[in-house]
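Student: I am attaching a structure below and will ask some questions about it afterwards.
Numbering (the working numbering), first residue to last: 27 to 351.
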């Protein structure tokens with residue numbers, strides 16, 4: 027019952043933060059005015075700013091935060107690796123290669139999402155294959171494989187940028203992460219995909235609990251471990267690719283949020299996943315609000331802010347976790 031109350035409080039906090047984020051900006055909109063506009067009332071000027079600029083951006087940042095956090099939680103559990111994260115494992119970089127190629131070709135958002143998904147899925151399977159020693163993938167080996175693949179893919183993105191001078195500025199800004207170009211079109215296409223992927227992964231949270239205890243134990247409990255791994259890896263890659271296609275590369279969210287959430291609620295994925303989703307959404311809404319308001323009118327790319335938090339956190343996990351070999 028205590029988890030229900032805590033989760034309800036977090037949801038309310040996310041809603042209040044969303045209202046606050048919609049209020050804050052170059053033009054201040056009173057929170058009461060935000061609620062009035064939601065009810066179909068309020069100032070036409072405020073309504074235009076809220077409904078066409080701020081609200082889609084806030085919704086998209088929440089959805090991306092949820093998706094990256096849940097994907098990170100499942101990658102960490104599924105791969106038995108506390109350092110697993112779409113960014114560190116190179117999944118985001120794989121998605122970036124596909125997305126950059128799509129941007130260069132001018133294929134639009136659906137093409138960008140499709141290319142990003144192919145890049146993300148290919149990357150996660152490549153990293154797993156490179157990190158296997160015998161039948162097992164070790165944490166440090168996987169980390170090194172992810173860094174190596176990510177570095178190579180970053181050079182591929184740089185090469186694509188070199189080939190496409192007229193798209194250079196948009197690709198560079200997109201690589202640093204942000205929501206400044208978000209409209210309802212991106213939200214309508216990407217948010218349902220991210221939320222569907224989260225729901226599908228959550229349905230396998232009980233199976234993930236069993237897999238964490240070991241494949242043999244999981245099989246004795248009736249879990250088809252290979253099937254679960256395939257489905258979750260595909261869903262996690264799809265969610266990551268969709269997030270990257272609309273927001274660019276935002277690192278370390280999938281590393282930090284699941285670890286922080288475990289400290290609060292424990293390792294049970296049936297509880298961890300929904301909490302990670304809400305806390306991830308909350309974190310990225312706050313981060314996005316900070317990025318666009320701290321040094322107005324200039325906007326700080328979100329990737330810079332998350333890296334400032336994520337880098338030290340990564341070193342902390344690397345230093346304190348005894349399971350890394």
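Where a beta carbon is used, it is the ideal one built from N, C-alpha and C, also for glycine.
Between the C-alpha atoms of residue 254 and residue 233, what's the straight-line distance to the nearest angstrom?
Tutor: As a first step, residue 254 is located in the chain shown; it is residue number 228 there, counting from the start. As a first step, residue 233 is located in the chain shown; it is residue number 207 there, counting from the start. Cα-Cα distance, rounded: 7 angstroms.
Student: Can you find at least 3 beta carbon pairs, one from the segment 199 to 217 and one from the segment 146 to 159, that sit closer than 8 angstroms?
Tutor: Touching, no, given that fewer than three Cβ pairs across the two stretches are closer than 8 angstroms.
Student: Given residue 311, which residues of its chain have a CB within under 8 angstroms of its CB, disregarding the five upstream and five downstream residues?
Tutor: On the chain shown, position 285 is the one that residue 311 refers to. If we look at residue 311 and ignore the five residues flanking it on each side, its Cβ neighbours are 40, 43, 44, 47, 84, 87, 88 and 91.
Student: Checking 8 angstroms against the spacing of the C-beta atoms, do residue 98 and residue 284 come in under that value?
Tutor: Translated into the one-based positions of the chain shown, residue 98 becomes position 72. Translated into the one-based positions of the chain shown, residue 284 becomes position 258. Yes, these two residues count as a Cβ contact at 8 angstroms.
Student: Taking the alpha-carbon positions, what's the residue 72 to residue 270 distance?
Tutor: Within the chain shown, the letter at position 46 stands for residue 72. Within the chain shown, the letter at position 244 stands for residue 270. So the alpha carbons of these two residues sit roughly 30 angstroms apart.
Student: Across the segment 217 to 232 and the segment 93 to 111, are there enough close Cβ pairs to call them in contact, namely three or more that are closer than 8 angstroms?
Tutor: The segment 217 to 232 vs the segment 93 to 111: in contact.
Student: Excluding the 5 residues preceding and the 5 following residue 315 in the sequence, name in chain order all residues of the same chain whose CB lies nearer than 7 angstroms to its CB.
Tutor: Translated into the one-based positions of the chain shown, residue 315 becomes position 289. Contacts found: 47 and 50.
Student: How about residue 249 and residue 237: are their beta carbons less than 8 angstroms apart?
Tutor: To locate residue 249, count along the chain shown from 1; it is residue 223. To locate residue 237, count along the chain shown from 1; it is residue 211. Yes, the Cβ-Cβ distance between residue 249 and residue 237 is below 8 angstroms.
Student: How would you write the range of the alpha helix (DSSP H) that residue 253 sits in, first residue to last?
Tutor: By one-based count along the chain shown, residue 253 stands at place 227. Note, residue 253: alpha helix (DSSP H), 251 to 273.
Student: From the beta carbon of residue 216, is the nearest beta carbon of chain B less than 8 angstroms away?
Tutor: Annotation note: the requested chain B is absent from the structure, which comprises a single protein chain.
Student: Judging by CA-CA distance, which residue of 222, 209, 172 and 220 is the nearest neighbour of residue 113?
Tutor: As a position in the chain shown, residue 113 is number 87, starting the count at 1. The residue with the shortest Cα to Cα distance from residue 113 is 172.
Student: Could you tell me whether the segment 131 to 148 touches the segment 286 to 306, using the rule of 3 or more Cβ pairs below 8 angstroms?
Tutor: The answer is no - the segment 286 to 306 does not touch the segment 131 to 148, with fewer than three Cβ pairs under 8 angstroms.
Student: Quick check: the Cα distance between residue 56 and residue 318, rounded to an integer number of angstroms?
Tutor: As a first step, residue 56 is located in the chain shown; it is residue number 30 there, counting from the start. As a first step, residue 318 is located in the chain shown; it is residue number 292 there, counting from the start. The alpha-carbon atoms of residue 56 and residue 318 are separated by roughly 18 angstroms.
Student: Alpha carbon to alpha carbon, what distance is there between residue 60 and residue 80?
Tutor: Mapped onto the chain shown, residue 80 falls at position 54. Mapped onto the chain shown, residue 60 falls at position 34. When rounded, the distance between both Cα atoms is 11 angstroms.
Student: By how many angstroms is the C-alpha of residue 116 removed from the C-alpha of residue 179?
Tutor: Position 153 of the chain shown holds residue 179. Position 90 of the chain shown holds residue 116. Near 8 angstroms, if we compare the C-alpha coordinates of residue 116 and residue 179.
Student: Return the residue from the list 139, 202 and 247 that minimises the CA-CA distance to residue 220.
Tutor: Residue numbering aside, residue 220 sits at position 194 when the chain shown is read from its first letter. Residue 220 has its Cα closest to that of 139, out of 139, 202 and 247.
Student: What is the residue span of the alpha helix (DSSP H) that residue 62 lies within?
Tutor: Taking the first residue of the chain shown as 1, we reach residue 62 at position 36. Element bounds for residue 62: 57 to 64.
Student: If you draw a straight line from the alpha carbon of residue 189 to that of residue 198, how long is it in whole angstroms?
Tutor: Here the question's residue 189 lines up with position 163 in the chain shown. Here the question's residue 198 lines up with position 172 in the chain shown. Rounded to whole angstroms, residue 189 to residue 198 spans 13 angstroms at the Cα level.
Student: Return helix, strand or coil for residue 322, following the three-state DSSP convention.
Tutor: Your numbering for residue 322 matches position 296 in the chain shown. In this structure, residue 322 counts as coil in the three-state DSSP scheme.
Student: So is residue 347 buried or exposed if we call it buried at 16+ other beta carbons inside 10 Å?
Tutor: Mapped onto the chain shown, residue 347 falls at position 321. Classification for residue 347: exposed.
Student: For residue 69, I'd like the list of residues in its chain whose CB is within less than 6 angstroms of its CB, leaving aside the five on either flank, ordered along the chain.
Tutor: Numbered from its first residue, the chain shown carries residue 69 at position 43. Excluding positions up to five away in sequence, the list is empty.
Student: Which value, in whole angstroms, describes the spacing of the CA atoms of residue 341 and residue 31?
Tutor: Locating residue 341 in the chain shown gives position 315, where the first residue counts as 1. Locating residue 31 in the chain shown gives position 5, where the first residue counts as 1. Cα to Cα, the separation comes out at about 33 angstroms.
Student: Out of 148, 154 and 209, state which residue places its alpha-carbon closest to the alpha-carbon of residue 77.
Tutor: Working through the chain shown from its first residue, we reach residue 77 at position 51. Among 148, 154 and 209, the Cα nearest to that of residue 77 belongs to 209.
Student: Just curious, the alpha helix (DSSP H) that residue 211 is in, first and last residue?
Tutor: In the chain shown, counting from the first residue as 1, residue 211 sits at position 185. Here the alpha helix (DSSP H) through residue 211 covers 210 to 229.
Student: Going along the chain, which residues of its own chain have a beta-carbon closer than 7 angstroms to the beta-carbon of residue 247, five neighbours each way excluded?
Tutor: Translated into positions along the chain shown, residue 247 becomes position 221. Around residue 247: 236.
Student: What is the DSSP secondary structure of residue 176, counted as helix, strand or coil?
Tutor: Within the chain shown, the letter at position 150 stands for residue 176. Three-state DSSP puts residue 176 in a helix.
Student: Among 273, 259 and 266, which residue has its Cα nearest to the Cα of residue 205?
Tutor: For the purposes of this step, residue 205 is taken as the residue at position 179 of the chain shown. The residue with the shortest Cα to Cα distance from residue 205 is 273.
Student: Output the boundary residues of the alpha helix (DSSP H) element that contains residue 245.
Tutor: The residue you call residue 245 lines up with position 219 of the chain shown. Run containing residue 245: 241 to 246, per the alpha helix (DSSP H) assignment.
Student: If I'm right that residue 150 touches residue 231 with Cβ under 8 angstroms, what's the distance once you round it to whole angstroms?
Tutor: Counting from one through the chain shown, the residue named residue 150 turns up at place 124. Counting from one through the chain shown, the residue named residue 231 turns up at place 205. The Cβ separation is near 19 angstroms, so there is no contact.
Student: If you compare alpha carbons, which of 169, 143, 202 and 75 is closest to residue 155?
Tutor: Translated into positions along the chain shown, residue 155 becomes position 129. Comparing Cα positions, the closest option is 169.
Student: Can the beta-carbon of residue 152 be found closer than 8 angstroms to that of residue 175?
Tutor: On the chain shown, residue 152 is found 126 positions in, with the first residue counted as 1. On the chain shown, residue 175 is found 149 positions in, with the first residue counted as 1. Yes, Cβ-Cβ distance for residue 152 and residue 175 is below 8 angstroms.
Student: Helix, strand or coil for residue 340 per DSSP?
Tutor: Mapped onto the chain shown, residue 340 falls at position 314. It is helical.
Student: Excluding five sequence neighbours on each side, which residues of the same chain lie with their C-beta closer than 6 angstroms to the C-beta of residue 244?
Tutor: One-based indexing of the chain shown puts residue 244 at position 218. Cβ within range, chain order: 236, 237 and 251.
Student: Does the Cβ-Cβ distance between residue 279 and residue 110 come in under 8 angstroms?
Tutor: Counting from one through the chain shown, the residue named residue 279 turns up at place 253. Counting from one through the chain shown, the residue named residue 110 turns up at place 84. Cβ atoms of residue 279 and residue 110: not closer than 8 angstroms.
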